[in-house]
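Visitor:
Residue numbers (my numbering), protein chains in the order written: chain R, 1 to 168; chain H, 169 to 336; chain G, 337 to 504; chain L, 505 to 672; chain U, 673 to 840; chain V, 841 to 1008; chain W, 1009 to 1176; chain A, 1177 to 1344.
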């Protein structure tokens, strides 16, 4: 089965952050691929990747990078596909990466998520595909319901602990 | 024809920024609606809007707000649709709005664009819908080609001017 | 006895910070409750909580959250009660959370304290209630006097140490 | 009738910002006073003011200042009353003033609102007093309803304009 | 005569800033060319430019761009020539552009100058070429001497004015 | 009469800011001199100035500069006299200049005042000299009393205006 | 012997930073005292201290504090003596403390040193006193010479190590 | 053989960062020297170094420093050689050092690299010299090809790992 989402990272050292996107896509059975390609060290490969992605059946690209993070914008410059950018924290608390990804000029958007926010990148990719795929939309609705259950349960556990504070 | 994209802004004073998204969608014939709803002043209306949007056939929501900009995140909390956030510059050069939109916690993404970047929000909405709609993909490819022509032409005009500098 | 103050946090992981507010309220015998509710993962519960709080006899709400911290503002949007916001440090040294809480638009204030400043949130809640409750005002005056004693005593202990430096 | 709220500003040049607090209090008939007192130029007067405020029947103090804004914290150090701090924008986009007001150490809270957010300071003062005064609570509920009406009406006006964008 | 320096800017709107580099090179008779090429709107042209520059006899590239300024880094990724980056102020006081240019990852340097510092980019290009060209070095030494004369003269003019202040 | 204070600025364009220091010193009859010397354009002159200042009877040096403001630190490196640094706002709201002046390494202090705070630099210079000169101390005490009178008078004028707000 | 310099810190937890000032003054035999006094927890004591310091023979005050650091400014408001402010790093990398100390309004200077820069505060205090005391000036000149010797020696040690790198 | 590149650091404690530049130059056989010289503690030595460097055959200077990092700018003020500045992270995440190095005023450029980016400083120095030395240009082209190989190989290793994620 061809991958629908392509996850790209600027360096294999970003894997620990970026695998959160992969794990989410895996959990809702969206096929994906994951590779390291650097806008700065392998520019020709990045250009080739971006030019060919749509033709290979990729629907959404997730790109993560740190510091002067050019990878998401460089890919977005060449592909008509939506590109999700993940600012990876490598210096300056990730502020350099965030600004280098989100502040794209008019004409070339990058859909930016939080610093190190790869899980949300995975969810966002699924939401994009779900605009044309009702089965994935169902899975997202179920995921959202699960988020609520988790906090409800955490709150119940907190309940036991909190009687220590409560005055009656 | 039902709107596919819903543009929401926190205040009608954001219209001047947000209408760039509307103009782009109009230019490629994606039907849309545009409204002002405040996460802080009309919270019940925002909640109702977010709960009902998918059922009304909306595919993507674009939400713009300034300062402690909660609107995009609050909508994303309730809808399974993808939400694009536009940080509107109202104070602190827009940095407060950018951080209040992009730094969403795990589980609830907002696809953030540049400060005052509503044109890119419109393009991104079209890219999302194009994942399931080849006709819109064609229009996006044509738009991208147009971007290139504009800068090529601007460069030619610059050419005349630049001989002033060139030493031969 | 009904709680007068309701402490809400966006995630149970914020408990370590937020329990400082609870401990203070406990120390001056103001009844309180403490729960985890997320503006993003349980929005309907947050809305219900905010709508009903005044009717249940709550007088002040303390809400803590990190990153794009929407919880205090979202609650303030629905309740007429005063809401105290505690920016919890989770990324960017807490600056994202601080701006997302304090920069509320005109009409919907959130009384913001320092990053991770939950103790001060507890004191501030007591000060608010004391505007209509002289007994609590007395306790606050006593607390303030205690603060002074602590630093006076610490200074005396420093006194012993400092002779090492003093030249006579 | 004695004032319930005392508005203090570090310099008469802050009046244009701070009068928004006064206008709100006036609009809901909470008696107030407004004065300029500088933590740096009239420290003894500030100390006397803070020491005597509770005894004069003041219930809430609103203090606004710019740059290294010490006024709210200095007042809070001496009075047991709740102190609302308004960071006034005078340099660095108001970031210096915001940090100098909100980052109070444990023990001495200042309830901080947005940069130049004096209207919200007025509302917050009313909310504090309303914890012990049901009549003021009623007025705040009416004010909140009015906020909603304003945005509903603005949206209707926008409605006329937006047909320009809508594709049908 | 072939150009030795190629000045590239992301948009013709950057010309007003970037022409300072051109004027300096013109003043010391270093042949140059100046063009607009966008990393985001004309990525293939940028790649071709960067790949061919050294072969055409270019010795130094000056690249200016604003916002998420990828142009200097993208060029540096493909050429072995030294690339000077000029952060152009377009938003956030130029901080986004500065970080997106200077924070390059290990292996691919961009020689960054001040925000809007195109004159310094021109001087730096000349200094680089002067490492292998004694005639240009002579011109730079003369330029440096001229800088000193300007401030000495300005000081003399100040001298007349300053007697107003001096107490004798 | 020999000058006791030497005011130096990095560029004559800083005169408008720096003359506030001169005016204050003039007002309390401390003899001074004022010159433009650039750490970057006239380094040898700065070095000579710093080496000779103490020998000429100068007691305090005030140095103002913008951007990467090295002038105060460079002078402090060579003279044993106290150096007061004035960050001049020229870019980035003056934050670059502030950090480049105040963050001096251990061993070489620069007494830094607020951005564009040249009046305070003048006062601080007088305070330093007053540690050994009781006559100047008297003048400073009188100046401080004057500051109080100004705000008292401004407050009285405000008094007339504020009855508009007061509810009685 | 009476102290000439008074070192004040907002909390005894700042001692580890502030004792660097004490050690320097001790090393050049300037008598000093060191105490903890909080602008927020012991405001009356701070006011009394500032009012009486000059009369007790104190010539310079060094005040260190963190977060919303009001202590140096509050002391400067009451005393005519020069006040040196040390921003202590407690949150936000010390940026809150730096801005709360350095950005004093016109009329009330605080001579600010680097974040945690207490050693420089001690040197600066000595430099101020040296404006009227030639013996201390001699010691400062000797200290400066010592700084140079340390780096010369460190460089020699580096010399041995660096041959590893040098190509000959 | 005479050194072509001179590496200077403000303190021997910067060696760990700065030796990356040395190692790169060593790897491509460009002769260099490395020394510690402080703009603040040994200003006369810095001035002498900068004045004599070109005459000794140095072609490029690399200068690294932290905090209020004046060393690169001070050297650039005196030499006509190109100066590369390395902001060393010592406080404020290196932002103070970055701004103190990159924001040089018109006329005196410093070629700034990333915070702690000494490897890139070494590469940049080689690129500068390569403008007049084809043999070094060859080595740089080989180095660039090596960068690509490293990421290609890392990606292959990632390939094995990534099948864990891929859905087929």
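Every residue gets a Cβ at the ideal spot worked out from N, C-alpha and C, and that includes glycine.
Quick one: give me the first and last residue of the alpha helix (DSSP H) that residue 1128 (chain W) is part of.
Guide: The residue you call residue 1128 (chain W) lines up with position 120 of the seventh chain. Note, residue 1128 (chain W): alpha helix (DSSP H), 1126 to 1138.
Visitor: Assuming residue 788 (chain U) contacts residue 760 (chain U) under a Cβ cut-off of 8 Å, what Cβ separation, rounded to an integer in Å, is found between them?
Guide: In the fifth chain, counting from the first residue as 1, residue 788 (chain U) sits at position 116. In the fifth chain, counting from the first residue as 1, residue 760 (chain U) sits at position 88. Beta-carbon to beta-carbon, residue 788 (chain U) and residue 760 (chain U) are separated by about 6 Å, close enough to satisfy the 8 Å threshold.
Visitor: Can you tell me the Cβ-Cβ gap for residue 78 (chain R) and residue 47 (chain R), rounded? I've got them flagged as a contact below 8 Å.
Guide: Residue mapping note: residue 78 (chain R) aligns to position 78 of the first chain, counting from 1. Residue mapping note: residue 47 (chain R) aligns to position 47 of the first chain, counting from 1. Yes, they are in contact, since the Cβ atoms of residue 78 (chain R) and residue 47 (chain R) sit about 6 Å apart, within 8 Å.
Visitor: From what residue to what residue does the beta strand (DSSP E) around residue 38 (chain R) run?
Guide: Your numbering for residue 38 (chain R) matches position 38 in the first chain. No beta strand (DSSP E) contains residue 38 (chain R), which DSSP labels as neither H nor E.
Visitor: Confirm, please, whether the CB-CB distance from residue 309 (chain H) to residue 80 (chain R) is below 8 Å.
Guide: As a working note, residue 80 (chain R) is residue 80 in the first chain. As a working note, residue 309 (chain H) is residue 141 in the second chain. Yes, they are a contact pair.
Visitor: In chain L, which residues lie less than 9 Å from residue 440 (chain G) when you measure between Cβ atoms?
Guide: Along the third chain, one-based indexing puts residue 440 (chain G) at 104. Ordered by position in chain L, the residues that pass the 9 Å Cβ test against residue 440 (chain G) are 617, 618, 621, 624.
Visitor: Have a look at residue 911 (chain V) and residue 892 (chain V) and give me their C-alpha separation to the nearest angstrom.
Guide: For this step, residue 911 (chain V) is matched to residue 71 along the sixth chain. For this step, residue 892 (chain V) is matched to residue 52 along the sixth chain. Looking at the two C-alpha atoms, the distance is approximately 16 Å.
Visitor: Buried or exposed: where does residue 974 (chain V) fall if 16 or more other Cβ atoms within 10 Å of its Cβ makes it buried?
Guide: As a first step, residue 974 (chain V) is located in the sixth chain; it is residue number 134 there, counting from the start. When all chains shown are included, residue 974 (chain V) counts as exposed.
Visitor: I want to know whether the stretch 1188 to 1206 of chain A touches the stretch 1295 to 1314 of chain A - three or more CB-CB distances under 8 Å.
Guide: These segments touch.
Visitor: Does the beta-carbon of residue 1344 (chain A) have 16 or more other beta-carbons within 10 angstroms, so that it is buried, or is it exposed?
Guide: By one-based count along the eighth chain, residue 1344 (chain A) stands at place 168. Confidence at residue 1344 (chain A) is low in this model, with a pLDDT of 36, below 50, so its placement is unreliable and the value that follows should be read with caution. That one is exposed.
Visitor: Report yes if the C-beta distance between residue 577 (chain L) and residue 601 (chain L) is below 8 Å; otherwise report no.
Guide: Here the question's residue 577 (chain L) lines up with position 73 in the fourth chain. Here the question's residue 601 (chain L) lines up with position 97 in the fourth chain. Their beta carbons are not under 8 Å apart, which means residue 577 (chain L) does not touch residue 601 (chain L) by this criterion.
Visitor: How long is the line joining the alpha carbons of residue 573 (chain L) and residue 549 (chain L), rounded to whole angstroms?
Guide: Along the fourth chain, read from residue 1 onward, the residue named residue 573 (chain L) stands at position 69. Along the fourth chain, read from residue 1 onward, the residue named residue 549 (chain L) stands at position 45. If you take the alpha carbons of residue 573 (chain L) and residue 549 (chain L), they lie about 17 Å apart.
Visitor: How many Å lie between residue 853 (chain V) and residue 904 (chain V) at the Cα?
Guide: Within the sixth chain, numbered from 1, the residue matching residue 853 (chain V) stands at position 13. Within the sixth chain, numbered from 1, the residue matching residue 904 (chain V) stands at position 64. Distance between the alpha carbons of residue 853 (chain V) and residue 904 (chain V) is about 11 Å.
Visitor: Give the residues of chain H in contact with residue 124 (chain R), contact being defined as C-beta atoms less than 8 Å apart.
Guide: Position 124 of the first chain, counted from the start, is the residue given in the question as residue 124 (chain R). The answer, in chain order, is 250, 277, 279.
Visitor: Helix, strand or coil: how does DSSP classify residue 510 (chain L) here?
Guide: Locating residue 510 (chain L) in the fourth chain gives position 6, where the first residue counts as 1. Correct three-state label for residue 510 (chain L): strand.
Visitor: Our contact map puts residue 315 (chain H) next to residue 107 (chain R) with C-beta atoms below 8 Å; I'd like the distance itself, whole angstroms only.
Guide: Your numbering for residue 315 (chain H) matches position 147 in the second chain. Your numbering for residue 107 (chain R) matches position 107 in the first chain. The Cβ separation is near 5 Å, so the contact holds.
Visitor: What's the C-alpha gap between residue 1183 (chain A) and residue 1238 (chain A)?
Guide: For the purposes of this step, residue 1183 (chain A) is taken as the residue at position 7 of the eighth chain. For the purposes of this step, residue 1238 (chain A) is taken as the residue at position 62 of the eighth chain. In a straight line, the C-alpha of residue 1183 (chain A) is about 5 Å away from that of residue 1238 (chain A).
Visitor: Does the beta carbon of residue 1193 (chain A) come closer than 8 Å to any beta carbon on chain U?
Guide: If you number the eighth chain from 1, residue 1193 (chain A) lands on position 17. Residue 1193 (chain A) does not count as touching chain U.
Visitor: Could you tell me whether the Cβ of residue 560 (chain L) comes closer than 8 Å to any Cβ of chain V?
Guide: The residue given as residue 560 (chain L) occupies position 56 in the fourth chain. Chain V contact via Cβ: absent.
Visitor: Residues of chain L with CB under 8 Å from residue 235 (chain H), in chain order?
Guide: Position 67 of the second chain, counted from the start, is the residue given in the question as residue 235 (chain H). Chain order gives the chain L residues near residue 235 (chain H) as 618, where near means a beta carbon separation below 8 Å.
Visitor: Is it buried or exposed, residue 440 (chain G), if we count other Cβ atoms within 10 angstroms and call 16 or more buried?
Guide: The residue labelled residue 440 (chain G) in the question sits at position 104 within the third chain. Per the 10 Å Cβ criterion, buried.
Visitor: Quick check: the Cα distance between residue 1004 (chain V) and residue 509 (chain L), rounded to an integer number of angstroms?
Guide: In the sixth chain, residue 1004 (chain V) corresponds to position 164, counting from 1. In the fourth chain, residue 509 (chain L) corresponds to position 5, counting from 1. Any reading at residue 1004 (chain V) must be qualified, since the residue scores a pLDDT of 47, below 50, and its modelled position is unreliable; the value itself is stated next. Straight-line measurement puts the Cα of residue 509 (chain L) at about 16 Å from the Cα of residue 1004 (chain V).
Visitor: Run down chain H in chain order and give the residues with a C-beta less than 8 Å from the C-beta of residue 603 (chain L).
Guide: In the fourth chain, residue 603 (chain L) corresponds to position 99, counting from 1. Residues of chain H with a Cβ closer than 8 Å to the Cβ of residue 603 (chain L) do not exist; the shortest Cβ-Cβ separation is about 12 Å.
Visitor: Going by beta carbon distance, what residues of the same chain come within less than 7 Å of residue 958 (chain V), once the five residues before and after it are set aside?
Guide: Taking the sixth chain and counting its residues from 1, one reaches residue 958 (chain V) at position 118. So the qualifying residues of the chain are 857, 858, 860, 861, 904, 926.
Visitor: Verify the CB distance criterion: does residue 53 (chain R) have a CB-CB separation below 8 Å to chain U?
Guide: On the first chain, position 53 is the one that residue 53 (chain R) refers to. For residue 53 (chain R), the answer is no, since every Cβ of chain U falls outside 8 Å of its Cβ.
Visitor: If contacts are defined as beta-carbon pairs under 8 Å, then residue 436 (chain G) and residue 267 (chain H) qualify, I think. What distance do you get, rounded to the angstrom?
Guide: By 1-based counting over the third chain, the position of residue 436 (chain G) is 100. By 1-based counting over the second chain, the position of residue 267 (chain H) is 99. 6 Å between Cβ atoms; contact.
Visitor: Could you list which residues in chain R have their beta carbon closer than 7 Å to that of residue 1330 (chain A), in chain order?
Guide: Taking the eighth chain and counting its residues from 1, one reaches residue 1330 (chain A) at position 154. Chain R residues near residue 1330 (chain A): 12, 36.
Visitor: If you reduce the DSSP assignment to three classes, tell me which class residue 151 (chain R) lands in.
Guide: For the purposes of this step, residue 151 (chain R) is taken as residue 151 along the first chain, with counting starting at 1. Residue 151 (chain R) falls in the helix class under three-state DSSP.
Visitor: What does residue 1080 (chain W) pair with, by DSSP beta-bridge criteria?
Guide: Position 72 of the seventh chain, counting from 1, holds the residue named residue 1080 (chain W). According to DSSP, which records beta bridges pairwise, residue 1080 (chain W) is partnered with nothing at all.
Visitor: Quick check on the DSSP output: the beta strand (DSSP E) that includes residue 251 (chain H) runs from which residue to which?
Guide: Start at 1 with the first residue of the second chain, and residue 251 (chain H) comes out as number 83. Annotation: the continuous beta strand (DSSP E) that includes residue 251 (chain H) extends over 251 to 256.
Visitor: Out of curiosity, what's the CA-to-CA distance linking residue 10 (chain R) and residue 1271 (chain A)?
Guide: Here residue 10 (chain R) refers to the residue found at position 10 when the first chain is read from its first residue. Here residue 1271 (chain A) refers to the residue found at position 95 when the eighth chain is read from its first residue. Looking at the two C-alpha atoms, the distance is approximately 23 Å.
Visitor: Under the rule that 16 or more other beta-carbon atoms within 10 Å means buried, what is residue 491 (chain G), buried or exposed?
Guide: Position 155 of the third chain, counting from 1, holds the residue named residue 491 (chain G). Per the 10 Å Cβ criterion, buried.
Visitor: Locate the beta strand (DSSP E) running through residue 903 (chain V), then write down its first and last residues.
Guide: Residue mapping note: residue 903 (chain V) aligns to position 63 of the sixth chain, counting from 1. That run of the beta strand (DSSP E) goes 900 to 906.
Visitor: Around the C-beta of residue 673 (chain U), are 16 or more other C-beta atoms found within 10 angstroms, so that it is buried, or is it exposed?
Guide: As a working note, residue 673 (chain U) is residue 1 in the fifth chain. Exposed is the call here.
Visitor: Excluding five sequence neighbours on each side, which residues of the same chain lie with their C-beta closer than 6 Å to the C-beta of residue 207 (chain H)?
Guide: Along the second chain, read from residue 1 onward, the residue named residue 207 (chain H) stands at position 39. Within the same chain, residue 207 (chain H) has close Cβ partners 214, 238, 239, 242.
Visitor: Can you have a look at residue 985 (chain V) and say buried or exposed, based on whether 16 or more other CB atoms are within 10 angstroms of its CB?
Guide: In the sixth chain, residue 985 (chain V) corresponds to position 145, counting from 1. Classification for residue 985 (chain V): exposed.
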